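Trainee: I have a structure here, written as structure tokens, and I will follow up with some questions on it.
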Amino acid sequence: MATTTPVRARARPNPVRAVGIGLIWLFVALSLLLLLWMVLTSLRGSREIFADPWGLPDPFRLENYTTAFDSGFGRAAFNSVLVSGSAALVSVALAAPAAYALSRRLNRMAGPLTMLFILGLGVPGQVLLIPVFFMLSEVGMVDTLPGLFLVYVGIAMPFTVFLLTGFFRSLPGELEEAAALDGASPSRTFWQIVLPLARSGLITAFILQLINNWNETLFALALMQSNDNFTLPLVLARFIGEQQYKGADWGGMFAGLCLIVAPMLIMYAWLSRRIITGMTLGIGK
Numbered sequence: 004m005a006t007t008t009p010v011r012a013r014a015r016p017n018p019v020r021a022v023g024i025g026l027i028w029l030f031v032a033l034s035l036l037l038l039l040w041m042v043l044t045s046l047r048g049s050r051e052i053f054a055d056p057w058g059l060p061d062p063f064r065l066e067n068y069t070t071a072f073d074s075g076f077g078r079a080a081f082n083s084v085l086v087s088g089s090a091a092l093v094s095v096a097l098a099a100p101a102a103y104a105l106s107r108r109l110n111r112m113a114g115p116l117t118m119l120f121i122l123g124l125g126v127p128g129q130v131l132l133i134p135v136f137f138m139l140s141e142v143g144m145v146d147t148l149p150g151l152f153l154v155y156v157g158i159a160m161p162f163t164v165f166l167l168t169g170f171f172r173s174l175p176g177e178l179e180e181a182a183a184l185d186g187a188s189p190s191r192t193f194w195q196i197v198l199p200l201a202r203s204g205l206i207t208a209f210i211l212q213l214i215n216n217w218n219e220t221l222f223a224l225a226l227m228q229s230n231d232n233f234t235l236p237l238v239l240a241r242f243i244g245e246q247q248y249k250g251a252d253w254g255g256m257f258a259g260l261c262l263i264v265a266p267m268l269i270m271y272a273w274l275s276r277r278i279i280t281g282m283t284l285g286i287g288k
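Numbering-wise, my numbering comes out as the position in the sequence shown, counting from 1, plus 3.
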């Protein structure tokens, strides 16, 4: 007797899901078009921009980038790289041992300390601005790059510890138990076993803090006073203010925007998969 295999019913298309996917792709397309327009506009003159905002560069005005560098963007780029990169590196280096200890709950204070770091995520920067300014002024670190570096490290700690705590909890504890049976000390286990396994999480935390420090404006605006210590967002704000009196150089302004956006955009595009993996590994723990 012949047997018949049941025919599976085709899944009905979900209109809500289709609309959601369409809106996401529409947002992606608009974002890419806006980015392309910004790059093309940075290669045009102000008169050309006002005459035809959506036109193509003809000719390409590469001198807009020279104007941006002469307006202080070169020095500010060096300051941003120095402060943002070092602060992100130090914040991850300090947060990793703390997050590991909190994830393993080595003592009874682990729970309250974890909650303290979580509460730190909810403190707005505007609340910290005045106390931080007076604290740095007492030690003579206002308008200094080391002072801004300390601020960036401090405000990065709650989120970095929170992120790495969840990541360390996703790592299997059996490896640490095997290392302990082999006679490895807790510090040696952390440095030689746990940290190599947590490389994705550490890189994710570093990149996220680097992007946040690169774009930070509030504390830099309040603490930095001399042009030699300005970061890229401050130089852009000053450049826009100067153009109101000298005549708006929109091509130079968009060139400055490209100098700010391009490094972080390239880094995120290069490491986006690693960032997403590092942020989601500890989500279920």
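We treat Cβ as the ideally placed atom computed from N, Cα and C, and that holds for glycine. Bear in mind the structure is a predicted one, so any value in this text is a computation, not a measurement.
1) Indicate whether the contact test is met: 3 or more Cβ pairs, each with one atom in the segment 151-168 and one in the segment 89-108, closer than 8 Å.
2) Curious, which full-length alpha helix (DSSP H) runs of at least 4 residues does the segment 45-132 contain?
3) Helix or strand or just coil, what does DSSP make of T147?
4) Would you check if the distance between the CB atom of A208 and the CB atom of F171 is smaller than 8 Å?
5) In whole angstroms, what separates the C-alpha of T234 from that of W253?
6) Just to confirm the assignment: which complete beta strand (DSSP E) runs, minimum length 3, are found wholly within the segment 190-241?
7) I'd like the list of long-range same chain contacts for G123, defined as Cβ closer than 6 Å, with 5 residues on each side in sequence excluded.
8) Classify Y155: buried if its beta carbon has 16 or more other beta carbons within 10 angstroms, exposed otherwise.
9) Mind checking which residues open and close the alpha helix (DSSP H) that includes L184?
10) Alpha carbon to alpha carbon, how far is L35 from W28?
11) Do you know how far the Cα of E51 is from the Cα of F257?
12) Thinking C-alpha only, which one of L65, S188, E180 is nearest A44?
13) Can you tell me the Cβ-Cβ gap for A71 and G244, rounded? I've got them flagged as a contact below 8 Å.
14) Go through its chain and collect everything with a Cβ distance to V238's Cβ below 6 Å, but skip five positions before and after it.
15) Measure the Cβ-Cβ separation of L139 and L221 and say whether it is below 8 Å.
16) In three-state DSSP terms, what is V142?
17) Can you tell me whether S34 is helix, strand or coil according to DSSP?
18) To the nearest angstrom, how far is the alpha carbon of I121 from that of T168?
19) Determine, using beta-carbon pairs with one atom in the segment 209-220 and one in the segment 181-191, whether at least three such pairs fall under 8 Å.
20) Look at the alpha carbon of L224 and the alpha carbon of L151, and state the distance between them as a whole number of angstroms.
Mentor: By the coordinates alone:
1) yes
2) Annotation: the segment 45-132 contains the following complete segments of the alpha helix (DSSP H) (minimum length 4 residues), in chain order: 49-54, 66-71, 77-107, 113-123.
3) coil
4) no
5) 20 Å
6) none
7) P161
8) Classification for Y155: buried.
9) 177-184
10) 11 Å
11) So the two alpha carbons sit approximately 13 Å from each other.
12) For the sequence presented, residue 44 should be read as Thr rather than Ala. Comparing Cα-Cα distances from T44 to each of L65, S188, E180, the minimum goes to L65.
13) Going by Cβ atoms, the distance from A71 to G244 rounds to 15 Å, so no, they are not a contact pair.
14) G75, F76, A79
15) no
16) coil
17) helix
18) 11 Å
19) no
20) Rounded to the nearest whole angstrom, the C-alpha separation of L224 and L151 is 10 Å.
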